[in-house]
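Residue numbering for the sequence shown is 11 to 138, as defined by this note's numbering. All residues carry an ideal CB built from backbone N, CA and C; glycine is no exception. Below: the structure, in structure tokens.
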Amino acid sequence: MADRILVHRIAVYAYHGLLPEEARLGQRFYVSLDARLDLAPAGRADDVGLTVSYADLTEIVVEIATGRRFALIEALAETIAETCLARFPPLAAISVRVDKPSAPVPAVIDGVSVEITRERQGHPQGQP
Numbered sequence: 011m012a013d014r015i016l017v018h019r020i021a022v023y024a025y026h027g028l029l030p031e032e033a034r035l036g037q038r039f040y041v042s043l044d045a046r047l048d049l050a051p052a053g054r055a056d057d058v059g060l061t062v063s064y065a066d067l068t069e070i071v072v073e074i075a076t077g078r079r080f081a082l083i084e085a086l087a088e089t090i091a092e093t094c095l096a097r098f099p100p101l102a103a104i105s106v107r108v109d110k111p112s113a114p115v116p117a118v119i120d121g122v123s124v125e126i127t128r129e130r131q132g133h134p135q136g137q138p
């Protein structure tokens with residue numbers, strides 16, 4: 011599927027991580043989405059009901075990232091991807107990237123990220 015809705019770097023303050031300090035102090039995370047679906051019907055009709063609202067995608071990210079605590083950012087990304095696919099049947103696939111700029115590693119780094127892609131099983135648009 012060539013059509014995409016991109017949502018860049020949704021900032022959230024949350025308490026994800028393995029260390030007790032991360033649970034206590036929290037830190038900023040950024041989540042980006044790359045949602046793949048057929049945008050032609052919405053584009054032709056100029057009808058938001060025929061697409062997936064980027065506001066709704068953003069709301070899911072904020073709800074999950076601030077409402078639960080995850081030890082791994084991989085688990086945060088997985089939960090976001092699963093929830094988006096479950097709530098929005100038009101989605102053929104979604105990529106979720108979680109950036110953790112203040113990762114506690116013993117080196118000077120800009121941050122760490124994970125990025126996952128999940129496709130809807132059995133969805134004709136989910137085929138590569």
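Task: Span of the alpha helix (DSSP H) around Arg-78 - done: Reading the sequence shown from its first residue, position 68 is the one you call residue 78. Element bounds for Arg-78: n/a, residue is neither H nor E.
Open item on the list: Taking a contact to mean a Cβ-Cβ separation below 8 angstroms, would you say Val-71 touches Ile-20 in this structure?
Closed with: Along the sequence shown, one-based indexing puts residue 71 at 61. Along the sequence shown, one-based indexing puts residue 20 at 10. Yes, the pair counts as a contact, with Cβ atoms nearer than the cut-off.
Task: Cβ-based neighbour list, Gly-53, same chain, cut-off 7 angstroms, excluding 5 preceding and 5 following - done: For this step, residue 53 is matched to residue 43 along the sequence shown. Counting only Cβ-Cβ distances below 7 angstroms, and skipping sequence neighbours, we find nothing.
Open item on the list: Tell me which residues share the same chain as Val-108 and place their Cβ nearer than 7 angstroms to its Cβ, disregarding the 5 neighbours each side in the sequence.
Closed with: Against the sequence shown, residue 108 aligns to sequence position 98. Around Val-108: Phe-39, Val-41, Ile-83, Leu-86, Ala-87, Ser-123, Val-124.
Task: Cross-strand partners of Phe-39 (DSSP beta bridge) - done: Residue numbering aside, residue 39 sits at position 29 when the sequence shown is read from its first letter. In the DSSP assignment, Phe-39 is bridged to Val-22.
Task: Residues bridged to Val-127 [DSSP beta-bridge criterion] - done: Working through the sequence shown from its first residue, we reach residue 127 at position 117. For clarity, residue 127 is Thr in the given sequence; the question names Val instead. In DSSP, Thr-127 forms a bridge with Ser-105.
Open item on the list: Quick check: the segment 26-34 against the segment 49-64, are at least 3 beta-carbon pairs closer than 8 angstroms?
Closed with: no
TODO: Would you mind sorting Glu-69 into buried or exposed? The rule is 16 or more other CB atoms within 10 Å of its CB.
DONE: For the purposes of this step, residue 69 is identified with residue 59 of the sequence shown, where counting begins at 1. Exposed: under 16 other Cβ atoms inside 10 Å.
Task: Three-state class that DSSP yields for Ala-117 in the structure shown - done: Taking the sequence shown and counting its residues from 1, the one referred to as residue 117 is at position 107. Here Ala-117 sits in coil by DSSP.
Open item on the list: Given this structure, state the Cα-to-Cα distance separating Ala-117 from Lys-110, to the nearest angstrom.
Closed with: As a first step, residue 117 is located in the sequence shown; it is residue number 107 there, counting from the start. As a first step, residue 110 is located in the sequence shown; it is residue number 100 there, counting from the start. If I take the Cα positions, the gap works out to 14 angstroms.
Open item on the list: Distance check for Gly-59 and Leu-47, CA to CA, integer angstroms please.
Closed with: Numbered from 1 along the sequence shown, position 37 holds the residue referred to as residue 47. Numbered from 1 along the sequence shown, position 49 holds the residue referred to as residue 59. Taking the straight line joining both Cα atoms gives about 13 angstroms.
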